[in-house]
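The opening residue of the sequence shown carries number 0 in numbering that gives the first Met the number 0; numbering runs sequentially from there. Contents: one structure, followed by commentary.
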Amino acid sequence: MSPREFVVLGTASQVPTRDRNHNGYVLRWDDEGILFDPGEGSQRQMLRAGVSAHDLTRICVTHFHGDHSLGLAGTVQRINLDRVPHPVAVHYPASGQRYFERLRYATAYREAAELRPEPVAADGPVARTPGFTLSAARLSHPVEAFGYRLDEPDGRRMVPGLLAEAGVAGPDIGRLQREGELRGVRLADVSVARPGQSFAFVMDTRLCPAVPLLARGCDLLVIESTFLDEDAALAEDFGHLTAGQAGRVAAEAGVRHLVLTHFSQRYADPEEFGRQARAAGYRGGLTVARDLDRVPVPRRRTAHGGPGPGGG
């Protein structure tokens, strides 16, 4: 299994269907497991997808409409039932604090795990770890909603052959990485640039400045496309995007792989979403999401912009 992949739990919008569960998504990113927008039924979908409560390190809720949050109650209780040993941070709009509290304590259970509420009140970073920065940006929807973006810092990849030529081995490799120079050998002499990777999650919103900002240069963009282009007026009225709008944003932002999701039950052919995204000019990797899909994060770019020799 790829150490960096996107797991789709559900792809329906307001109403689930026979084939589509309510929203729910898990991003596996090295040692982190981030659950996005757990709609109703997410706990069972996690079981079907092979994702355990122990895999989760944080939860991100874009907004408190039911198809994006009703599964939070069951997920929180499962985290406690399984006695997850590490803290689980929960990011959500601060204006929905009362909804978070109601979902967290929807029924009686024994609290046996550490849940760390981290409400989001403004644009900007919401979490920093050694491996990435997680940021939020306010979207345009009838209730307050935030999109999320994860950015890995640029780094350097050590080249074994160059290390051997320079006589650097064992613990000295770590020392060289920390100090930048060792016995006349510079870090740049034995390594190559390793551009950081990025991921963005954009749910219920009409077009607004935050959408291209979140999408800019992403390796993997997950974005709602509730409506087809012929229903653009409905999309605007209800605060959503069309497939063509999502494709155009991805094309202009230079997204490497686009995942379309959050489909209205009114449409019978999900592949039409992909066709409209292509017609809008998007030419990168494309997934029209289905429940239980697994989408790997694209292979890392090289310093020159092309794919590197390894995965994420």
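Backbone N, C-alpha and C define an ideal beta-carbon position, used for all residues, glycine too. Please read all numbers here as calculations on a predicted model, not as lab measurements.
(message) Please report the distance separating the alpha-carbon of D218 from that of W28.
(response) Spanning the two alpha carbons is a distance of roughly 13 Å.
Closest by CA to G283, which one among H261, G253, R293, R265? Nearest C-alpha to G283: G253.
Residue-level contact to chain C via CB, A209, 8 Å cutoff: Within the model displayed, chain C is absent; a lone protein chain is all it includes.
Residues in its own chain within less than 7 Å of A48 by CB, not counting five upstream and five downstream? Same-chain partners within the cutoff: V6, L8, L291.
According to DSSP, which residues form a beta bridge with P116?
Beta bridge pairing from DSSP links P116 with V89.
Cα separation between V56 and P37? The question names Val, yet the displayed sequence has Thr at residue 56. Those two C-alpha atoms are separated by around 14 Å.
* To do: Please classify R293: does DSSP put it in a helix, a strand, or coil?
  => In the structure shown, R293 sits in a strand (DSSP, three-state: E or B).
Original post:
Do you know how far the Cα of A192 is from the Cα of R205?
Top reply: R205 and A192: Cα-Cα distance of roughly 37 Å.
*asked:* Given a cut-off of 8 Å on the beta-carbon distance, is the pair V89 and P124 in contact?
replied: P124 is positioned such that its CB atom lies no closer than 8 Å to that of V89.
| message | Taking only three categories from DSSP, how would you classify A107? | response | In this structure, A107 counts as coil in the three-state DSSP scheme.
Count the other CB atoms within 10 Å of the CB of D203; is the residue buried (16 or more) or exposed (fewer)? Counting of Cβ neighbours within 10 angstroms places D203 among the buried residues, the total reaching 16 or more.
* Asked: Excluding the five sequence neighbours on either side, which residues of its own chain have a C-beta within less than 8 Å of the C-beta of M157, listed in chain order?
  -> Same-chain partners within the cutoff: I172, Q176, V189, S190.
How big is the Cα-Cα spacing for R174 and V184?
In a straight line, the C-alpha of R174 is about 11 Å away from that of V184.
Can you grab the Cα-Cα spacing for the pair F272 / G169, in whole Å?
Those two C-alpha atoms are separated by around 52 Å.
*Given S12 as reference, the closest of A276, G238, V210 once Cα atoms are compared*: Of A276, G238, V210, the smallest CA-CA separation from S12 is found for G238.
| Among residues of its own chain, excluding the 5 on either side of L161, which ones have a beta-carbon nearer than 8 Å to its beta-carbon? | If we look at L161 and ignore the five residues flanking it on each side, its Cβ neighbours are D188, V189, S190.
query = Comparing alpha-carbon positions, which option in R19, V60, R289 lies nearest V258?
reply = Taking V258 as reference, the option from R19, V60, R289 with the minimal CA-CA separation is R289.
Point to revise | Cα-Cα separation, V25 to A52 | key: Spanning the alpha carbons of V25 and A52 requires a straight line of approximately 11 Å.
* What whole-angstrom Cβ distance do E39 and L69 have, given they're in contact under 8 Å? -> Confirmed, Cβ separation roughly 4 Å.
| message | Tell me the residue span of the alpha helix (DSSP H) that contains H256. | response | No alpha helix (DSSP H) contains H256, which is instead part of the beta strand (DSSP E) from 256–260.
Could you round the C-beta distance between P118 and Y147 to whole angstroms and report it? I think they count as a contact, below 8 Å. Actually they do not touch by this definition, with Cβ atoms about 14 Å apart.
Margin query: Tell me which residues share the same chain as Q76 and place their Cβ nearer than 6 Å to its Cβ, disregarding the 5 neighbours each side in the sequence.
Written below: Within the same chain, Cβ atoms closer than 6 Å to the Cβ of Q76 are found at Y108, the five residues on either side in sequence being excluded.
| Which of helix, strand or coil does DSSP assign to R17? | Reduced to three states, the DSSP call for R17 is coil.
Original post:
Where does the unbroken beta strand (DSSP E) through V50 begin, and where does it stop?
Top reply: No beta strand (DSSP E) holds V50; DSSP gives it neither H nor E.
Using 10 angstroms around the beta-carbon of H67, count the other beta-carbons present and answer buried if the total reaches 16, otherwise exposed. By the 10 Å Cβ count, H67 comes out buried.
* Do you know whose CA, among C59, T74, G65, V60, lies nearest Q44's CA? -> A check of alpha carbon separations from Q44 across C59, T74, G65, V60 identifies T74 as the nearest.
Assuming contact is defined by CB atoms lying nearer than 8 Å, are T241 and A231 in contact in what I supplied? In this structure, the beta-carbon distance from T241 to A231 falls below 8 Å.
So, with DSSP's three-state summary, where would you put P2? Look at P2 here: in three-state DSSP terms it is coil, with no helix or strand label.
| For V248, does the three-state DSSP call read helix, strand or coil? | Note: V248 maps to helix in three-state DSSP.
Exercise. DSSP puts R137 in a beta bridge; with which residues?
Worked result: In the DSSP assignment, R137 forms a beta bridge with F145.
- request: Under 7 Å Cβ to Cβ from L212, same chain only, skipping five residues before and after it: list those, please.
  value: If we look at L212 and ignore the five residues flanking it on each side, its Cβ neighbours are A136.
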